[in-house]
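Quick note: the sequence shown uses my numbering, first residue 915, plus one each step.
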Amino acid sequence: MFEIHYLGHSAWLVRTADRLLLFDYGRLPYRQEHGALSEGVCDLEMLEPLPLYVFSSHAHADHYSAGLQRQVSRRPASFFIFGQDRQPSNEGPAAGTDGTWLIGAHSRLQLGDLTIRTTASTDSGVSFLIDCPEAVIYHGGDLAVWDDTDYFKQTYRREIDCLAEWTAGLKRVPDLAFLPVSTSDGYQEEELLQGVWYLLKRLEPMIILPMHAHGHEHLYRQFAGLAAAKGWKNLLVPQKPGDAFHIPADKLSNQSLRSADSRKE
């Protein structure tokens, strides 16, 4: 059984039988330090003693928390994977003394049976493609078409094409794809959506989870309607921080949930 908890904006906790994966749990939007997952709060002291992998795509406050990084350093069997704008070393990812791994774009990091690949971003840091025995998971960070300029469009497509090559090499599609579908200030512009449609065609994820609304969760529902009109109905749409989804492991079979003839250009 997979448990997926929406913790606001771009933050998610994924629980499998073997591990916990926490994504972009930033200092913003403001949350209580202690509380329940059902309140949109991830209190490390309340989590099961499973291996914990914390991913921060970049250093912006809505994706990164220095306090969380310190907590992870004190927790056994825990890793903090921190996306960087530049390569941290000539050899690629660099290990810190506190359980932190610094990782730049187009890098590969192996942590036990978990493989992490990164793309560049159209904003800052990286996006993550994670391959583990339970699933392939994509978290987009701030990789999106944020403006109607050639830079954003071309950079975005180049990075999505890299992801498509990697997933083709794995012979697996992403089981879960966490995708930015709006700006933090409540806009859902056409160019951003065109970028998402391109990603969906190239990667064909099993389950789509919209994010990056920063309190404007109605935009997730709006996105879901637009996606359904294009044949993409395999969405999990949070209504508010604290919402949770439960997915039987046998539902993640890496077979597309929609038939090829249902797609609309």
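Note that beta-carbon positions come from the ideal geometry of N, C-alpha and C, so glycine has one too.
Values in this document were obtained by computation on a predicted structure and should not be read as measured data.
- Approximately 17 Å separates the beta-carbon atoms of A1163 and L1123; this is outside 8 Å, ruling out the contact.
- When beta bridges are read from the DSSP output, L1028 appears opposite L1025.
- Under DSSP, E917 takes part in a beta bridge, and its partners are R929 and H1160.
- Distance from the CA atom of D1037 to the CA atom of H1160, rounded to whole angstroms, is 32 Å.
- Going by beta carbons, S979 and G1013 fall outside the 9 Å limit.
- In the three-state scheme derived from DSSP, where H, G and I count as helix and E and B as strand, T1081 is classed as helix.
- Per DSSP, the unbroken beta strand (DSSP E) holding L1043 starts and ends at V1040 to C1046.
- Beta-bridge partners assigned by DSSP to A1009: W1015.
- In the three-state reduction of the DSSP assignment, T1069 falls in the helix class, which pools H, G and I.
- Where A1091 is concerned, the enclosing beta strand (DSSP E) starts and stops at L1090 to P1094.
- The stretch 1069-1087 and the stretch 958-975 do not touch, with fewer than 3 CB-CB distances between them shorter than 8 Å.
- Excluding residues up to 5 positions away in sequence, W926, F969 and H1053 lie with their Cβ nearer than 6 Å to the Cβ of F937 in the same chain.
- Within 10 angstroms of the beta-carbon of P1119 lie 16 or more other beta-carbons, which makes it buried.
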